[in-house]
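Presented below is the structure to which this report refers.
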Amino acid sequence: MSESNEHISLVNLAFNYIKSIVPNNLNALIECDNGVSKKPSKVIGNFIPDVYYCFNNLLIIGEAKTYHDYDRPHS
Numbered sequence: 123m124s125e126s127n128e129h130i131s132l133v134n135l136a137f138n139y140i141k142s143i144v145p146n147n148l149n150a151l152i153e154c155d156n157g158v159s160k161k162p163s164k165v166i167g168n169f170i171p172d173v174y175y176c177f178n179n180l181l182i183i184g185e186a187k188t189y190h191d192y193d194r195p196h197s
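Just so you know, this note's numbering puts the end of the sequence shown at 197, numbered straight through with nothing missing.
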């Protein structure tokens, strides 16, 4: 399914925020479905998150939701 521009914007906001809190030398470990970095390969249940980072006991899972998509259980 093709993602909306709004959803892609939200994914990029999450990605940029995570980049700001993760040391620069570890930014390559951030997996993000934004067409620029490595697409998340971690499946949680049967779902693939929009943004995923895991290193040294820090786990971040990001799921971008638009207003119209908020009540769906997954992407």
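Each residue gets a CB set at the ideal place from its N, CA and C atoms; glycine is no exception.
- When rounded, the separation of the alpha-carbon atoms in Ala150 and Lys160 is 8 Å.
- For Val133, the uninterrupted alpha helix (DSSP H) run begins and ends at 127-143, by DSSP.
- For Val173, the enclosing beta strand (DSSP E) starts and ends at 173-177.
- Secondary structure note for Gly184: its beta strand (DSSP E) is the uninterrupted segment 180-184.
- Distances from the CA of Asn134 to each of Val165, Lys187, Asp191 were compared; the closest alpha carbon is that of Lys187.
- Note that the C-beta distance between Tyr174 and Lys164 is below 7 Å.
- By the neighbour-count criterion, in which a residue is buried when 16 or more other Cβ atoms sit within 10 angstroms of its Cβ, Gly184 is buried.
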